[in-house]
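Single-structure report; data block below.
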Amino acid sequence: MPGGERSILERSPLARLPDRALKYGLTTLAGLILALIVYFFVRLVGEAHPAFAHQGVFGFVFGNDWNVSANKFGALPLVLGTLITSALALLIGVPIAVATALYANELCPLRLRGLLTVLVELLAAVPSVVYGLWGIFFLAPKLQGAEQWVADRLSFIPFIGGGTVTIPNYFVAGLILAIMILPIVSAIAREVMATVPADHKEAALGLGATRWEMIRTAVLPYCRAGIVGGAMLGLGRAIGETIAVTIVIGDAPQLGKHLFGQGYSLAAVIANEFGEATGLHRSALFAAGLVLFVLTLLVNALARVLVSRASRTRGSSSTLRAADEMQPIAEAVAGA
Amino acid sequence: MSAQAPTGEQFARFAVSPSRRRKDRLARGLITAGTVIALIPLVLVIYYLLKKGLGSWSWSFFSTDPTGNTFFKTSSIGGIKSAILGTIEIVALASVIAIPIGIGVAVWLVEYGRESWFAQLVRFFVDVLTGVPSIVFGLFIYIVLVVGTGSSYAGYKGSLALSLLMLPVVIRSAEVILLLIPGSLRESALALGAPRWKVIFRIVLPTALPGMVTGILLSIARAAGETAPLLFTAATTRNTDFNLGHFMNSLPVQIYNDVTSPTTSVVNRAWGAALTLVVMILLLNLIARLVSRRSRLA
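For the protein sequence lines, the chains are A and W, in the order given. Heads up: the first sequence is residues 2 to 337, going by this note's numbering. Heads up: the second sequence is residues 5 to 302, going by this note's numbering.
Put into structure tokens, the structure is as follows:
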């Protein structure tokens, strides 16, 4: 090709313009998303600064005194409320979600599987405010008697037993959260379980394992990281969930004395108090938002790492590990 | 180790012992029970919504705005017209903002960014967005558009908060669909001399669109049910308003406000509004499912 002249296959600079425009336009758009998040974060820190300056970061997160009229903003009751309800949600929600996933993948008749999946996903379609409404007018009053019974029987255990059960309380909030995280944890567990190689399962069954032994030795060890990751994603949801918790937790800005008493959470305090807040109070609520943001960020980042590691195709090491786990069965069968 | 046929005694050795069988049955029972327990709340929520919600449904419930009357039993408390229209307006604007941007970013990720470090960074940040609590989105918009401009709440500010919430869902679902489009399709178009932008607009996007609809509808359904981002960005008012620059009512916010009322009729209005909201969201979900079944890609 003689220098300077264009090949007939090459486009004129003008014709290449739309291509360039699209490429750089879209790149800018993607970059803008990054800029936006960074900008939001910086502004949030800026707005939260007066509260942190007033209380100190440590004093804000671990101060056990949230008293708006006295200008005291120690968010420990809120942080602990968030952690207590989220932990409850995991404790109740994850085993049930894993059971649903196991049932759908390993036990249930093939025809039912689709229906079951749709039904569990329907739980995710109900808005959080509706869960709150249902929780406070149906679930919480119906459970009060049972909760009181448990609280009386277990009065020797600190924090669980002893007190008088109120209708809105930590436990109901945790239970509602458990229902709300169920679909996502179950969906991820199901996805990870689908990656278990059929060879492993067939090998376990072939060695004489019962259905449950097959699940315990071939399915669960293989999915452990993925299930933990799914649970962490659920935890992220639970920590950030606002409206349902606001309605059923009772909105008491003191640290609740027991599991069945009223409490508060980070997200709930923002939803409740932000409308009337001014000055330092508002800044404290921004600070609460920042703590919430950082908390969910950490939990979600950890979850992503676990899920992506689990869904990547496994090397020989896991096959070996699976073989190791199956050995007791093989021995039990052969050496009986 | 003989090659003889196994005797009956040897067969018995392979039988599952009673204790293992018991354990198996117990574990299966527990798994099944867990599944049943998972479905109980669904049944209860739907049953209660229908029981309480249908009772407050009437023509005037949908055709009147809520009034401030909550104390006098004789006067009407009004319906949820402004809330329904407000939700539709806010969510429609949020979709108009989030869908093109979301698809644009997804196209960039698949067609240009691919596996570059910058694309990985964008993916990471999109994942970060997915995890941000919805109330924090409300705070963001409040800082930038309410404090930042010195103005008050407005419908479009609520829309922006919701569009932030929808973005990651749209981007991730669109990206998955775009990745499914066979490379040979792009290559044949390029080989015929089509420029990249034409390949994207005439080949890639039309092929992917039916598949993307599912993710888009699901993101709209998610946004429609959100209360927290609207609390300090759009709400609250009682009147029907078609100007997105004004305060705007919405179904979730109205339910939230009505829940705390001591008046039974107002709480019943919340149930009716909740049923309306759930029906709207379920319809979107249903359409999404039907579309995804139709499309070859999803």
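Virtual Cβ for every residue (Gly too), placed ideally from N, Cα, C. The model shown is predicted, which means the values in this text are computed figures rather than measured ones.
CB contact check: residue i to chain W, cutoff 8 angstroms
i              : result
residue 48(A)  : yes
residue 270(A) : no
residue 129(A) : yes
residue 104(A) : yes
residue 314(A) : Confidence in residue 314(A) is poor, its pLDDT being 47 and thus under 50, which makes the residue's placement unreliable; the coordinate value appears in the next sentence. Closer than 8 angstroms: no.
residue 67(A)  : no
residue 170(A) : no
residue 340(A) : The first residue shown for chain A is 2 and the last is 337, placing residue 340(A) beyond what the model contains.
residue 61(A)  : no
residue 78(A)  : no
residue 205(A) : no
residue 222(A) : no
residue 144(A) : no
residue 345(A) : One cannot answer for residue 345(A) here, as it falls past the ends of chain A, which runs 2 to 337.
residue 244(A) : yes
Cutoff 8 angstroms: residue i Cβ touching any chain A Cβ
i              : result
residue 199(W) : yes
residue 129(W) : yes
residue 133(W) : yes
residue 112(W) : yes
residue 260(W) : yes
residue 249(W) : no
residue 150(W) : no
residue 193(W) : no
residue 89(W)  : no
residue 285(W) : yes
residue 22(W)  : no
residue 174(W) : no
residue 178(W) : no
residue 266(W) : no
residue 65(W)  : no
residue 117(W) : yes
residue 190(W) : no
residue 375(W) : This structure cannot speak to residue 375(W), because chain W is shown only from 5 to 302.
residue 291(W) : no
residue 6(W)   : Because residue 6(W) sits at a pLDDT of 48, beneath the cut-off of 50, its placement in the model cannot be relied upon, and the point is left open.
residue 144(W) : yes
Residue j beta carbon less than 8 angstroms from that of residue i
i              : j              : result
residue 44(W)  : residue 271(A) : no
residue 285(A) : residue 243(A) : no
residue 159(W) : residue 250(W) : yes
residue 171(A) : residue 279(A) : no
residue 278(W) : residue 259(W) : yes
residue 38(A)  : residue 205(W) : no
residue 241(A) : residue 185(A) : no
residue 71(A)  : residue 177(A) : no
residue 256(W) : residue 234(W) : yes
residue 212(W) : residue 181(W) : yes
residue 87(W)  : residue 253(W) : yes
Of the listed residues the options, nearest to residue i (C-alpha basis)
i              : options                        : result
residue 233(A) : 80(A), 47(A), 90(A)            : 90(A)
residue 64(W)  : 81(W), 177(W), 171(W)          : 81(W)
residue 125(W) : 166(A), 240(A), 31(A), 24(A)   : 31(A)
residue 292(W) : 18(A), 184(A), 122(A)          : 122(A)
residue 280(W) : 58(W), 21(W), 114(W)           : 58(W)
residue 98(W)  : 263(W), 262(W), 274(W), 228(W) : 228(W)
residue 258(A) : 167(A), 63(A), 241(A), 51(A)   : 167(A)
residue 196(A) : 184(A), 225(A), 209(A)         : 225(A)
residue 1(A)   : 105(A), 192(A), 141(A), 132(A) : Any question about residue 1(A) goes unanswered here, given that chain A covers just 2 to 337.
residue 55(W)  : 273(W), 294(W), 148(W), 153(W) : 273(W)
residue 302(A) : 157(W), 134(W), 283(W), 217(W) : 134(W)
residue 65(A)  : 77(A), 54(A), 59(A)            : 77(A)
Any non-hydrogen atom of the ligand FMN closer than 7 angstroms to residue i Cβ
i              : result
residue 178(A) : This structure does not include the ligand FMN; it has no bound ligands of any sort.
Practice problem: Quick one: which unbroken alpha helix (DSSP H) runs of 4-plus residues sit fully inside the segment 186-260 of chain A? Chain order, please. | Solution: 199-207, 212-215, 221-241, 244-250
Exercise. Can you check the segment 183-255 of chain W for any alpha helix (DSSP H) of at least 4 residues that lies completely inside it and give the ranges in chain order?
Key: 187-195, 209-228, 232-235
Self-check item: Proximal residues, the segment 22-45 of chain A versus chain W, C-beta separation under 7 angstroms
Solution: 23, 24, 27, 28, 30, 31, 34, 35, 38, 41, 44, 45
Quiz item: Which of the residues in the segment 209-243 of chain W, read from start to end, lie with their CB under 8 angstroms from any CB of chain A?
Solution: 225, 228, 229, 230, 231, 232, 235, 236
Quiz item: Of the residues that make up the segment 33-52 of chain W, which ones have a beta carbon closer than 8 angstroms to any beta carbon in chain A?
Solution: 34, 35, 36, 37, 38, 39, 41, 42, 43, 45, 46, 48, 49, 52
Quiz item: Considering only residues of the segment 17-100 of chain A, which uninterrupted alpha helix (DSSP H) runs meet the minimum length of 4 residues and lie entirely inside it, listed in chain order?
Solution: 58-63
Self-check item: Members of the segment 167-198 of chain A that neighbour chain C once the beta carbon cut-off is set at 8 angstroms
Solution: Absent from the structure is chain C; the protein chains it does hold are A and W.
Quiz prompt | Residues from the segment 79-108 of chain W in contact with chain A, defined by Cβ distance under 9 angstroms | solution = 105, 108
Quiz item: What residues in the segment 108-129 of chain A have a beta carbon less than 9 angstroms from any beta carbon of chain W?
Solution: 108, 109, 117, 119, 120, 121, 122, 123, 124, 125, 126, 127, 128, 129
Quiz item: Of all the residues that make up the segment 85-98 of chain A, which are near chain W by a beta-carbon distance shorter than 8 angstroms?
Solution: 96, 97, 98
Exercise. Any chance you could list the alpha helix (DSSP H) runs of at least 4 consecutive residues sitting entirely within the segment 107-194 of chain W, in chain order?
Key: 121-135, 138-145, 159-184
Quiz item: the segment 268-283 of chain W: which residues have C-beta closer than 8 angstroms to a C-beta of chain A, in chain order?
Solution: 271, 274, 275, 278, 281, 282
Practice problem: Quick one: which unbroken alpha helix (DSSP H) runs of 4-plus residues sit fully inside the segment 35-101 of chain W? Chain order, please. | Solution: 63-67
Quiz item: Which runs of the beta strand (DSSP E) fall wholly inside the segment 106-179 of chain A and span at least 3 residues, in chain order?
Solution: none
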